[in-house]
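Structure, as structure tokens:
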Amino acid sequence: MYLIPSESNYNVSVYQKPLENTIIYVVLYVLLIIIVGSLIYILFLYSRHRYTGYVPVISMYRRTEELDVLAITYSYKGIAKILRELFIKVRNKIGCRYCTPRETALKKFSEPLLQLFAQIYEEVVYGSKHREDVYKVIGKVKNIVEKE
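In UniProt numbering, the protein residues as written are 1 to 148.
This is the structure we're talking about:
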């Protein structure tokens with residue numbers, strides 16, 4: 001035997017109200033647009049390095065104290081140690097913490113002596129070569145650094 005609902009029950013709907021359906025569809029469409037947009041952006045970001053040779057890097061702000069902890073330290077011996085200490089003094093005097101010897105020679109002082117110092121520094125420290133004029137240049141550069 002089948003149960004037949006009474007006439008009063010015909011007015012009750014099991015479906016949601018039209019307004020609720022509309023809101024749900026709008027939210028779903030917005031989420032779909034956000035997801036598709038994000039995927040397109042990611043594909044664009046990672047596919048453009050094929051054409052330019054540029055690999056995207058996402059960098060974040062770091063405090064300088066953290067960078068100091070992660071710095072690589074080298075062991076300098078003999079004349080290379082003296083040259084390194086003098087180079088750091090010159091670099092600090094100029095105010096360029098990450099400059100190379102050539103950059104420091106060209107930065108503030110455009111003196112030929114500092115350019116010679118940069119050349120000697122590169123040959124002795126980087127190239128492990130011996131130079132006869134090292135001590136003369138070291139003395140002159142010390143005078144320049146201590147004057148200013």
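Ideal placement from N, C-alpha and C gives every residue a C-beta, glycine not left out.
Since we're looking at a predicted model, the values are computed, not measured.
Residue span of the alpha helix (DSSP H) that contains residue i, given as start and end
i: TYR135; result: 134-147
i: TYR76; result: From DSSP, TYR76 is part of no alpha helix (DSSP H); its letter is neither H nor E.
i: THR104; result: 101-107
i: TYR121; result: 112-121
Close beta carbons around residue i, own chain, < 8 Å, minus the five adjacent residues each side
i: VAL145; result: LEU86, LYS89, VAL90, LYS93
i: HIS130; result: VAL124
Supposed contact pair residue j and residue i - C-beta distance, whole angstroms, cut 8 Å
i: LEU106; j: LYS140; result: LEU106 to LYS140, Cβ: 18 Å. No contact.
Beta carbon proximity, residue i to chain C, threshold 8 Å
i: HIS130; result: The chain labelled as chain C is not found in the depicted structure, where only one protein chain is given.
Residue i classed as buried or exposed, judged by whether at least 16 other C-beta atoms fall within 10 angstroms
i: TYR121; result: buried
i: LEU39; result: exposed
i: VAL22; result: Before going further, note that residue 22 is Thr rather than Val in the sequence given. Burial call: exposed.
i: VAL137; result: buried
i: LEU43; result: exposed
i: LEU83; result: buried
Proximal residues to residue i (C-beta, below 7 Å), its chain only, five neighbours per side dropped
i: SER59; result: In this prediction, SER59 scores a pLDDT of 48, lower than 50, which makes its location untrustworthy; no coordinate-derived value is stated.
i: TYR41; result: none
i: CYS99; result: ARG91, LYS107
Same chain only: Cβ atoms within 6 Å of residue i, ignoring 5 sequence neighbours per side
i: PHE117; result: VAL137, VAL141
i: ARG102; result: ALA118
i: ASP133; result: none
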